[in-house]
Amino acid sequence: MHRLFVGLRPPAAMRDLLMPLMAGIDHARWQSPEQLHITLRFIGEAERPLAEDIALALGNVRFPALDLALAGVGQFDSKGRPNAVWAGLAPHDAITQLHRKIDRALVRLGLEPERRAYLPHITLARLNRSAGPVDRFLAEASPLTSPPIRFTHFLLYESTLGSEGASYEAVARYPLEDSD
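Positions 1 to 180 (UniProt numbering) are the ones given, in order, by the sequence shown.
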């Protein structure tokens with residue numbers, strides 16, 4: 001079985017802006033530079049034949065290169081408790097269109113459509129019940145911005161869960177078309 005998702009790898013310039021922010025919440029599990037990504041579509045467990053079909057279907061997705069900027073921070077909650085903090089991205093329109101195009105390609109293979117609302121973000125830390133409050137982090141990091149940075153490809157990742165969190169390996173790369 002392969003645990004798969006489709007995503008974007010933030011370029012080094014973007015990762016360099018994020019890494020200094022990653023502190024200030026006790027017992028948070030901060031992401032390493034290698035773990036930073038923007039999920040376009042979570043797929044989940046797939047046997048080898050389906051994984052190969054997914055890789056082929058993604059090769060048919062055509063979309064222009066994206067210019068994305070960092071835009072603030074936020075949190076995800078579960079049952080009224082924060083379970084992650086994230087950095088936002090802007091603008092939303094183009095990346096959301098790419099998400100939908102990828103979702104449609106996967107639905108044509110027989111996968112269930114994405115049911116959750118799509119919010120483009122980069123997870124900075126995962127939080128368990130012992131994590132400290134996030135309010136100070138959110139207040140201090142809220143002015144986060146960057147100039148737009150060009151994304152020229154998206155990736156099919158395989159995710160492996162371990163005691164130190166997940167590790168991600170890019171297994172296929174797909175170009176985004178140069179719009180210039």
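Cβ coordinates follow ideal geometry from the N, Cα and C atoms, glycine included.
Bounding residues of the beta strand (DSSP E) (the contiguous stretch that carries residue i)
i: Thr123; result: His121 to Arg126
i: Ala166; result: Gly165 to Pro175
i: Leu4; result: His2 to Leu8
Interface flag, residue i vs chain C, CB-CB below 8 Å
i: Pro10; result: Absence of chain C from the displayed structure is noted, only one protein chain being present.
Range of the contiguous alpha helix (DSSP H) that encloses residue i
i: Arg129; result: Taken as a continuous stretch (DSSP letters only), Arg129 belongs to no alpha helix (DSSP H), as it is neither H nor E.
i: Glu158; result: Per DSSP, Glu158 belongs to no alpha helix (DSSP H); it is in the beta strand (DSSP E), His153 to Gly162.
i: Arg100; result: His92 to Val107
Integer Cβ distance of residue i from residue j, believed to fall under 8 Å
i: Thr145; j: Ala87; result: That pair is no contact at about 10 Å.
i: Gln31; j: Ala125; result: 6 Å
i: Pro10; j: Ile95; result: About 12 Å separates the two Cβ atoms, so there is no contact after all.
i: Glu45; j: Arg3; result: 6 Å
i: Tyr157; j: Tyr168; result: 5 Å
i: Ala170; j: Ala55; result: Contact flag wrong, Cβ pair sits at about 12 Å.
i: Leu111; j: Ile43; result: 7 Å
Beta-carbon proximity of residue i to residue j, cut-off 8 Å
i: His153; j: Leu176; result: yes
i: Gly165; j: Asp26; result: no
i: Leu109; j: Ala57; result: yes
i: Arg150; j: Asp67; result: yes
i: Pro49; j: His92; result: no
i: Ala69; j: Pro147; result: yes
i: Val134; j: Gln97; result: no
i: Glu47; j: Met19; result: no
Proximal residues to residue i (C-beta, below 7 Å), its chain only, five neighbours per side dropped
i: Val73; result: Val85, Trp86, Ala87, Gly88, Leu138, Ala141, Ser142 and Leu144
i: Arg41; result: Phe5, Val6, His99, Ile102, Asp103, Leu106 and Glu114
i: Arg62; result: Glu177
i: Gly80; result: none
i: Gly59; result: Tyr174
Nonlocal neighbours in the same chain, by C-beta distance under 6 Å from residue i, ignoring five residues either side
i: Met14; result: Ile149
i: Thr160; result: Ser167
i: residue 204; result: What is shown of the chain runs 1 to 180, which leaves residue 204 out entirely.
**Report entry** alpha helix (DSSP H) segments (min. 4 residues) lying fully within the UniProt domain "Phosphoesterase HXTX" (10 to 86)
**Finding:** Listed in chain order, the complete alpha helix (DSSP H) runs (minimum 4 residues) inside the UniProt domain "Phosphoesterase HXTX" (10 to 86) are 12 to 18 and 48 to 58.
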